[in-house]
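Scroll down for the structure; my scribbles are underneath it.
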Amino acid sequence: MCRTLNALQEWLQLRTRLRQEHRFHLDRAAADFESLGLSRRVARRAARERFGTRHNLRLALREIGGDWAGLAHLLRAHRVLASVWLQPAVLLAAIAAILLLSPAPRNILESMAGEALTLDSPQTVFLSVGAPWPLFNGITAPEFEALRSLPTLTAVERYRAIYVRATANGASLAAIEADARARTGNPGIRAVSQFEQRRIGMGPAAVAWALIAIFAFFSVRPHSSPFDGLRWLAYAVFAGALHALASLTAWAFAIEIWSRIAWPTHLSAALCFPLIYVAYLLSIAVQCRYWQRDLYHRCPICLERMLLTSTHGATDSVLLSMAVTESICAHGHGVLIESRWVRQFRQETSPLEALIRG
1187 MCRTLNALQE WLQLRTRLRQ EHRFHLDRAA ADFESLGLSR RVARRAARER
1237 FGTRHNLRLA LREIGGDWAG LAHLLRAHRV LASVWLQPAV LLAAIAAILL
1287 LSPAPRNILE SMAGEALTLD SPQTVFLSVG APWPLFNGIT APEFEALRSL
1337 PTLTAVERYR AIYVRATANG ASLAAIEADA RARTGNPGIR AVSQFEQRRI
1387 GMGPAAVAWA LIAIFAFFSV RPHSSPFDGL RWLAYAVFAG ALHALASLTA
1437 WAFAIEIWSR IAWPTHLSAA LCFPLIYVAY LLSIAVQCRY WQRDLYHRCP
1487 ICLERMLLTS THGATDSVLL SMAVTESICA HGHGVLIESR WVRQFRQETS
1537 PLEALIRG
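Going by this note's numbering, 1453 is the number at position 267 of the sequence shown; the sequence numbering is gapless.
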């Protein structure tokens, strides 16, 4: 964060310097024109014509590095991209942006947590029929009339065409469900609370991340020993957890938008859901790839990204004169050595440090 602020401050100083110099020379030119007998307004206009349009200002900003390309150069010069806090900050900003764009952010948080954050009305009950979707037609008209005659329910009404919403007369969900199944003769009727009705299904997304967590454990574990243990592993777990949290938030947001779209047919909605899931899996693959590459190119001591990458050897060779890539830590903690078969971090210690320890 400090590096970003320093780069931004230097960039703003460049723009302020150009603006002050432009104002100074503009005032001096206007004063010269006034000394020739022109009015103040005409003199200011003549001075602006002398210095040209805003296009000249943009050219000057580009020359001194005060434009957007200059800001990107300053961010690289201050090694913002190598900072250990860049990835967590971007992920947290993405989560916050998704919650701000969501029409119901509390529903996303409750669905991810698996429980209601606020107490719902215990009297509101939703009844549905559990069946495979192609055969799912909701509660039929005879079943709806049977539910209206239940003594444990009042204010029974249709909800979203295929569900039933009612008010419980102090009975529990289990009692209402048993009574509804007995009265309608349909053993597939379920009674759920208001939270269960509106919660977003996180099962497919959670299963994908559970499998990835198992794979990540076995892929990171062999590299934990040469990378000097706990600090590197703690950062790996922290960054991976943020990736999972951001991905789950994006999944909940996508399903929330999908459920709010007025689909013309059930088939179109059913065909769109696999596309959403495939896009979600592809985004997970990109996240995991970036997480792994970023993790393996950080110093295990200061967690900064390695720099000054140098490769020597033949890239097409497997055994003899094979390509070896070396990267060094900016703080002098060691050298990362990578080849086709080996990845190891060689820690560098100065003789003075060894003398002090001795």
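Note that the Cβ used here is the ideal one computed from N, Cα and C, for glycine as well.
Scanning N1372, L1339, A1399 and R1479 for the CA closest to the CA of G1324 turns up N1372. Nearest to F1210 by C-alpha distance, out of A1233, R1417, R1385 and V1311, is A1233.
Judged by DSSP secondary structure, Q1533 falls outside any alpha helix (DSSP H) and instead within the beta strand (DSSP E) spanning R1529 to Q1533.
The continuous alpha helix (DSSP H) containing S1469 extends over residues H1452 to Y1482.
A Cβ-Cβ separation of about 6 Å places R1226 in contact with E1220 under the 8 Å criterion.
Closest in C-alpha terms to C1485, from the list A1360, E1512, L1428 and W1395, comes E1512. R1201 and L1247 do touch by the CB rule: their CB atoms are close to 7 Å apart, below 8 Å. With a beta-carbon spacing of about 19 Å, Y1476 and A1391 fall beyond the 8 Å limit used to define contacts.
Look at H1241 here: in three-state DSSP terms it is helix. Sequence-distant Cβ neighbours of H1498 in its own chain, meaning closer than 7 Å and more than five residues away, are V1510.
Of V1276, L1204 and L1278, the smallest CA-CA separation from I1250 is found for L1204.
Boundaries of the beta strand (DSSP E) around V1510: V1510 to I1514. A residue is called buried when at least 16 other Cβ atoms come within 10 angstroms of its Cβ; C1458 does not meet this threshold and is exposed.
Here T1338 is buried: its Cβ has 16 or more other Cβ atoms, across all protein chains shown, within 10 Å. G1374 places its beta carbon less than 7 Å from that of V1315. In summary, G1426 is buried, with 16 or more beta-carbon neighbours lying within 10 Å of its beta-carbon over all protein chains present.
Between the beta-carbon of I1362 and that of A1341 there is about 13 Å, and that puts the pair past the 8 Å contact cut. Contact between W1197 and G1238 is absent: CB atoms are separated by about 23 Å, not below the 8 Å threshold. Selection Y1463, H1519, V1472 and A1471 evaluated against I1487 yields H1519 as nearest (Cα-Cα).
Counting C-beta pairs with one atom in each stretch, the stretch 1396–1403 and the stretch 1345–1360 have fewer than three that are closer than 8 Å, which means they do not touch. In this structure, DSSP gives R1385 a state outside helix and strand, which the three-state scheme calls coil.
According to the DSSP assignment, H1498 belongs to the beta strand (DSSP E) that extends over L1493 to H1498.
Taking C-alpha positions only, A1258 is separated from A1283 by approximately 23 Å. In the displayed model, T1338 falls within coil according to three-state DSSP, outside both helix and strand.
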